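K.L.:
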Amino acid sequence: MTDKPEWEIVPMTLEMAAEGNVLESKCFTVPTSENLLRTELLKPEAIYFAAVSEGKLVGYAGMQSVLDEGYMMDICVDPERRREGIARALMEKLLEGAEKAELSFVTLEVRTSNEPAKALYASLGFEQVGVRRDYYTAPVENALLLTKYLRKEKSDDPPRN
Ligand SMILES: CC(C)(COP(=O)(O)OP(=O)(O)OC[C@H]1O[C@@H](n2cnc3c(N)ncnc32)[C@H](O)[C@@H]1OP(=O)(O)O)[C@@H](O)C(=O)NCCC(=O)NCCS
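In the working numbering, the protein residues as written are 6 to 166.
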């Protein structure tokens, strides 16, 4: 049997920030520091979820909101635990949180070369709405701006005469 250990999605806590930084270092050339992660987790509008397997953080994803607008901050999964559905499960929990918070849309940036992430977002209904030129460093690269709209404009207001 080569079955991987089970994982579960739980709300991300401040105590997971140090492990979050270690995971970031495995996933990004410019990792989010433990301090910045703590700051993000402490914000009142933060929606962060973690994937935990055998007591170890194997993935996490987070979002912030301003008024009714959602901004994805981060998503990463341990390279040894990819293609197990962890990112999809994390995104589904974030989008559920966004719906509960009655956000109108969730938006994010992704490197133009990041095919796995682009496929993930496309499968969840995100669409390209713009490009941010030279947005990323190490290496410098454009970002695609992707958005998923969550609810239509209110149509139940009576028409004005
Ligand atoms: C992108 C990332 C989060 C995906 O994590 P994951 O747990 O392996 O993804 P999942 O197993 O949940 O896959 C969900 C979907 O993503 C897409 N996907 C994931 N990995 C892929 C790959 N290597 N190639 C193509 N599509 C891929 C597929 O559409 C997949 O659905 P499917 O399995 O039904 O085909 C992971 O590769 C990662 O951490 N990358 C580094 C950090 C990063 O780039 N974050 C995004 C910043 S914008």
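A virtual CB, placed ideally from N, CA and C, is assigned to each residue, including glycine. As the structure is a prediction and not an experimental result, all values here were calculated from the model.
(1) Answer yes or no: the CB of SER128 versus the heavy atoms of ligand 1, is any distance below 7 Å?
(2) Mind checking whether SER109 and TYR76 have CB atoms under 8 Å apart?
(3) Can you tell me where the beta strand (DSSP E) with ALA55 in it begins and where it stops?
(4) Looking at VAL57 and ligand 1, is the gap between the Cβ and the nearest heavy atom below 7 Å?
(5) Helix or strand or just coil, what does DSSP make of GLY67?
(6) Can you tell me the Cβ-Cβ gap for ARG137 and ALA148, rounded? I've got them flagged as a contact below 8 Å.
(7) For GLU20 and GLU146, what's the separation of their Cα atoms in angstroms?
(8) Where do the N-terminal and C-terminal ends of the beta strand (DSSP E) with GLY90 fall, by residue?
(9) Taking all protein chains shown into account, decide if GLU50 is buried (16 or more other Cβ within 10 angstroms of its Cβ) or exposed.
(10) Roughly how many angstroms lie between the CA atoms of ILE52 and ALA22, to the nearest whole one?
(11) DSSP has ARG156 in a bridge; who is on the other side?
(12) Please state the DSSP three-state secondary structure of LYS21.
(13) So is LYS48 buried or exposed if we call it buried at 16+ other beta carbons inside 10 Å?
(14) What are the start and end residues of each continuous beta strand (DSSP E) run of 3 or more residues lying completely inside the stretch 113-150, in chain order?
P.N.:
The structure says:
(1) Locating residue 128 in the sequence shown gives position 123, where the first residue counts as 1. True, at least one ligand heavy atom lies under 7 Å from that Cβ.
(2) Here residue 109 refers to the residue found at position 104 of the sequence shown. Here residue 76 refers to the residue found at position 71 of the sequence shown. No, Cβ-Cβ distance for SER109 and TYR76 is not below 8 Å.
(3) Taking the first residue of the sequence shown as 1, we reach residue 55 at position 50. Note, ALA55: beta strand (DSSP E), 52-58.
(4) Start at 1 with the first residue of the sequence shown, and residue 57 comes out as number 52. Flag unset: Cβ of VAL57 not near ligand 1.
(5) The count along the sequence shown starts at 1 and reaches residue 67 at position 62. Secondary structure of GLY67 (DSSP, three-state): strand.
(6) Taking the first residue of the sequence shown as 1, we reach residue 137 at position 132. Taking the first residue of the sequence shown as 1, we reach residue 148 at position 143. The beta carbons of ARG137 and ALA148 sit about 4 Å from each other, so the pair counts as a contact at 8 Å.
(7) Locating residue 20 in the sequence shown gives position 15, where the first residue counts as 1. Locating residue 146 in the sequence shown gives position 141, where the first residue counts as 1. GLU20 and GLU146: Cα-Cα distance of roughly 33 Å.
(8) Reading the sequence shown from its first residue, position 85 is the one you call residue 90. First-last for GLY90: undefined, no H or E at that position.
(9) Taking the sequence shown and counting its residues from 1, one reaches residue 50 at position 45. Exposed.
(10) What you label residue 52 is simply residue 47 of the sequence shown in a count that begins at 1. What you label residue 22 is simply residue 17 of the sequence shown in a count that begins at 1. Cα to Cα, ILE52 sits roughly 14 Å from ALA22.
(11) Counting from 1 along the sequence shown, the entry for residue 156 is found at position 151. DSSP, once it has assigned bridges, lists no residue as partnering ARG156.
(12) Along the sequence shown, one-based indexing puts residue 21 at 16. Residue identity differs from the one stated: residue 21 is Met in this sequence, not Lys. Helix.
(13) Translated into positions along the sequence shown, residue 48 becomes position 43. So LYS48 counts as exposed.
(14) 132-141
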